Each structure stands twice: as C-alpha cells, then as structure tokens.
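Novice: Residue numbers (this note's numbering): -18 to 81.
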Ligand SMILES: [Zn+2]
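(1) How close, in whole Å, do the beta carbons of residue 72 and residue 38 come, if the pair is a contact with beta carbons under 8 angstroms?
(2) Take every Cβ of the segment 48 to 58, pair it with every Cβ of the segment -12 to 3, and state whether three or more of those distances are shorter than 8 angstroms.
(3) Compare the Cα-Cα distances from residue 69 to each of -11, 15 and 63 and report the closest residue.
(4) Is residue 43 closer than 7 angstroms to residue 10 when the C-beta atoms are compared?
(5) Is the CB of residue 24 under 7 angstroms away from at least one CB in chain D?
(6) Hey, would you say residue 7 sits closer than 7 angstroms to residue 18, going by beta carbons?
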C-alpha cells in the first residue's frame, strides 16, 4: 500500500480552516477539507473538547480544481470521474467520537 500526501500551496486559501490535500491510497483524489477548530471559548462551552485548535467538525469533499485559484489539480488523469466527488462529514464535538 502506497501512501502519498501533498498539500496544494495556494495564496488564495483562507488563513485557516480550509485545506486542500492530495491522497493516493489506491484512488487518487484531491480533497478539500473545511475544518472548524476549537477556540478558547469553545473549550469553556463544550467539555468534550480538550485543546485549542482541535477539530470540532470537518467536512471533506473530493475536488478536481482549486475553488480559490481555479487551477486544475494534477494527478487525476486516470480518475473515475463518475465515482469522483465523494464527501464526508466528521463531527468531533461530542462523546461518540471519543474512541481513543
Ligand atoms: Zn489554489
């Protein structure tokens, strides 16, 4: 199993909360992550959260182009376009996600 992670370096990306990463674990995909990171006041309100900056929720979407600069992201020549565009939402704000 080969794993290869790459980040899209983009000056138009928001400073934090949005990431674009390439993963190739069998199916190559560029993934847009939108992540809500815990702030100090979040920690006071939600006792399931432990540290500032940890993810409260993350939404992932497979993308072919960067939505900020518009370039076509490389490495997707052989990707199955019909199956592309998967998305996932991970909510880490509650007890159920504490599986460690
Ligand atoms: Zn970009």
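Ideal Cβ placement from N, Cα and C applies to all residues, glycine included.
This one's a predicted model, so the numbers in the text were calculated from it and none came from an experiment.
Specialist: In brief:
(1) 5 angstroms
(2) yes
(3) Cα-wise, what sits closest to residue 69 is 15.
(4) yes
(5) The structure shown contains no chain D; it holds only a single protein chain.
(6) It is not a contact, given that the beta carbons lie outside the stated cut-off.
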